[in-house]
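One structure below.
Numbering (this note's numbering), first residue to last: 829 to 1244.
What follows is the structure in structure tokens.
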């Protein structure tokens, strides 16, 4: 029995490693691709930056709009082909963009990337892991997010090298081939190949459970508090990632030094492992509070002297690394695994809308009020984002006290 348990953990670890590498490719080929390729695309096509980056915003919006539907499909399906399809669709999107000679074809390519992002990035992956492993998915989520935290560290240098030596169009074709070769077998054997056994009456039972869970006000409130915190967190993350170089240059830091400091974001996200050593028995809600507080402190430091700006970037990386993990582990800690995939899908929409709107709203604030005012806005939002978590902590404490009242309905189904 012990050997069987060790083998299961070993295979789950290997699976998480390859899924993490797949996430590096998926993020690098979509969300982060324009950080390197936008400039050569603009130089060749003479298209405006607003159009180039606007297609990315629309792509993120599309991924958010389809996320609730993706969560329901994963939750209700016996076999999961969603992530398997994400690599195919993203490859088609990259090929379409590489062949584009006009704006319409370029836009269509980003529409395909938006669909692929909804099919294959964190929200769909976390939902799939929750469906497959239940509460045991937390370990896989942590391992995957730590590996994929190197997405920019790995993808940007490769994209830069390919763009310099082969051009931006061939760079996209190279990454499309890499996606097909690597992600298809990883996602197939991780999810599509898995046969999930179900009792004949399980769907009916799940509907009854979900209906009874929905009558508990505490869990409804928990969902909305998570939604607020995740949405603001997405705005803060995107705001810093998009404008980090401008923020640092405004502090009087040179371009090359600003790029070097910005590169600390990826590795510092992985430094979140230090938290396990300092607080080994922390609950996800405590981790969420530490994460949000770290992000607030990071913006305070960015408002102060340029000499400590790099510390602010490192602390933000640590806090955001925790936040990436919490997107999967915190809902899993609160809600039943039976509705986890659906919850993850519903939690994804508004944060992704916030991500899509951030470049536009941030640009307006910077244009009319200046970069420093934008950082002040981010600092205020980071402080405000602590409030939903303090309320959620109180709600969950009260829920545990009142759990006996609902134990005939929920005690065997929800493990808080």
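All residues carry an ideal CB built from backbone N, CA and C; glycine is no exception.
Residue 967 and residue 856 have their C-alpha atoms roughly 23 Å apart. For residue 917, the closest alpha carbon among the candidates 937, 1080, 864 is that of 937. Around the CB of residue 1011, 16 or more other CB atoms lie within 10 Å, so the residue is classed as buried. Looking from the CA of residue 1117, the closest CA among 1089, 1002, 1150 belongs to 1150.
Taking the Cα of residue 1019 as reference, the smallest distance to any Cα among 964, 1147, 933, 953 is reached at 953. For residue 981, the enclosing alpha helix (DSSP H) stretches over residues 979-994.
Classified as exposed, residue 1088 has fewer than 16 neighbouring CB atoms from the shown chains inside 10 Å of its CB. Per DSSP, the unbroken alpha helix (DSSP H) holding residue 1127 starts and ends at 1112-1131. Non-local beta-carbon contacts of residue 941 in its own chain, meaning distances under 7 Å to residues more than five positions away in sequence, involve 858, 887, 918, 921 in chain order.
Our two residues, residue 1200 and residue 1217, have alpha carbons roughly 27 Å apart in a direct line. The alpha-carbon of residue 899 is positioned some 6 Å away from that of residue 955. Contact between residue 947 and residue 910 holds: CB atoms are separated by about 5 Å, below the 8 Å threshold. Contact between the region 1127-1147 and the region 1183-1195 is absent: fewer than three C-beta pairs spanning the two stretches fall below 8 Å.
Around the beta carbon of residue 843, 16 or more other beta carbons lie within 10 angstroms, which makes this residue buried. With 16 or more other CB atoms across the displayed protein chains lying within 10 angstroms of its CB, residue 960 is buried.
When the beta-carbon positions are compared, residue 849 and residue 1009 stay at least 8 Å from each other.
Residue 1180 and residue 884 have their alpha carbons spaced roughly 12 Å apart. Secondary structure at residue 1182: helix, using DSSP grouped into helix, strand and coil.
Counting along the chain, residue 878 sits inside the alpha helix (DSSP H) bounded by residues 877-904. Taken through DSSP and simplified to helix, strand or coil, residue 1167 comes out as helix.
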